[in-house]
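Mapping to our numbering: the sequence shown position 109 is 114, numbers consecutive.
One structure is given here, and the rest of the page talks about it.
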Amino acid sequence: MTNGDDTAAVLAAVAHEFKNALAPLGMTLQLIERQVQTGQPVAAADLAFSRAQVRLLSSLVDDLLDQQRVDLDALPFRPAPADARAVVGEAVAAFRRAHDRAVALELPEAPLMAELDPARLRQVLANLLENADRYAPPGSPVTVRAQPAAAGVRIEVSDRGPGLGPQEKARIFQRFVRGAASRGTSGLGLGLYLCQAIVARHGGQIGVDSLPGAGCTFWILLPNA
Ligand SMILES: Nc1ncnc2c1ncn2[C@@H]1O[C@H](COP(=O)(O)OP(=O)(O)OP(=O)(O)O)[C@@H](O)[C@H]1O
Ligand SMILES: [Mg+2]
Numbered sequence: 006m007t008n009g010d011d012t013a014a015v016l017a018a019v020a021h022e023f024k025n026a027l028a029p030l031g032m033t034l035q036l037i038e039r040q041v042q043t044g045q046p047v048a049a050a051d052l053a054f055s056r057a058q059v060r061l062l063s064s065l066v067d068d069l070l071d072q073q074r075v076d077l078d079a080l081p082f083r084p085a086p087a088d089a090r091a092v093v094g095e096a097v098a099a100f101r102r103a104h105d106r107a108v109a110l111e112l113p114e115a116p117l118m119a120e121l122d123p124a125r126l127r128q129v130l131a132n133l134l135e136n137a138d139r140y141a142p143p144g145s146p147v148t149v150r151a152q153p154a155a156a157g158v159r160i161e162v163s164d165r166g167p168g169l170g171p172q173e174k175a176r177i178f179q180r181f182v183r184g185a186a187s188r189g190t191s192g193l194g195l196g197l198y199l200c201q202a203i204v205a206r207h208g209g210q211i212g213v214d215s216l217p218g219a220g221c222t223f224w225i226l227l228p229n230a
């Protein structure tokens with residue numbers, strides 16, 4: 006496990022993440038500059054890569070701002086009665102557009118009504134899907150399921166990645182904590198912290214079922230509307 010809530014370590018991790026995203030962006034912009042100066046067409050792949058790096062930097066800033074808003078109890082939250090099936094479907098569609106990874110979607114026939122903020126729930130699902138994509142082996146399938154539960158709605162994101170040991174399971178929802186699977190990958194350890202804060206604002210619960218080597222199932226329980 007790495008980090009935790011130590012200011013110097015957190016600042017170093019934030020600086021490292023920004024530098025890792027900025028360095029290749031700077032190099033690609035130089036390439037584009039040279040293409041323009043020499044009258045060559047600008048390579049579409051270089052532009053797409055630059056845009057992707059800018060998106061990555063923006064999402065780092067958004068996560069840092071959101072965790073500060075959670076601290077101040079000032080995270081914008083606009084709940085209304087909604088069908089969770091629609092929100093889950095939108096989150097999966099957005100993920101499929103941006104990633105080359107098979108995602109199976111299992112939804113019931115009947116509506117799954119809950120009092121929820123669709124944008125915030127999409128943010129939670131995007132984080133869980135991003136983790137499954139980042140930590141599970143390329144090509145392994147991910148399953149997203151939504152179903153009625155005793156007093157609400159249960160949503161699950163399952164992967165066939167490395168899974169989590171008991172000690173990790175207890176710590177990964179804390180901010181700036183990264184686990185064994187994160188070695189060699191980028192990230193600040195904020196995704197699950199924000200997921201937990203947002204699910205708590207819904208009056209719900211979040212957790213993970215996992216055994217090392219057997220993949221993870223992250224689950225969310227939202228109370229009925
Ligand atoms: N699906 C998963 N399989 C295995 N390990 C996971 C999975 N999801 C999360 N983890 C572990 O939990 C840690 C914390 O996850 P979290 O999403 O909070 O942060 P991160 O992915 O490291 O960075 P960030 O989300 O800020 O980009 C990860 O570093 C990883 O070790
Ligand atoms: Mg993450």
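Just so you know, even glycine gets a beta-carbon here, dropped at the ideal spot from N, CA and C.
Computed from a predicted structure; not experimentally measured.
Residue 69 and residue 195 have their C-alpha atoms some 8 Å from each other.
Counting only the Cα atoms, residue 230 lies some 8 Å from residue 87. Between the alpha carbons of residue 44 and residue 117 lies a gap of roughly 56 Å.
The closest CA to that of residue 150, considering only 77, 72, 130, is found on 130.
The continuous stretches of beta strand (DSSP E) do not include residue 179, and DSSP gives it neither H nor E. By the beta-carbon neighbour count (other beta carbons within 10 angstroms, threshold 16), residue 48 is exposed. Every residue with a CB closer than 6 Å to a heavy atom of ligand 2 is listed here in chain order: 132, 135, 136, 192, 196. In the structure shown, residue 170 adopts coil according to DSSP, grouped into three states. Taking a cut-off of 8 Å for Cβ pairs, the region 54-69 and the region 171-187 do not touch, as fewer than three such pairs fall below it. Excluding its 5 nearest sequence neighbours in each direction, residue 90 has C-beta neighbours in its own chain below 8 Å: 112, 113, 116, 117, 151, listed in chain order.
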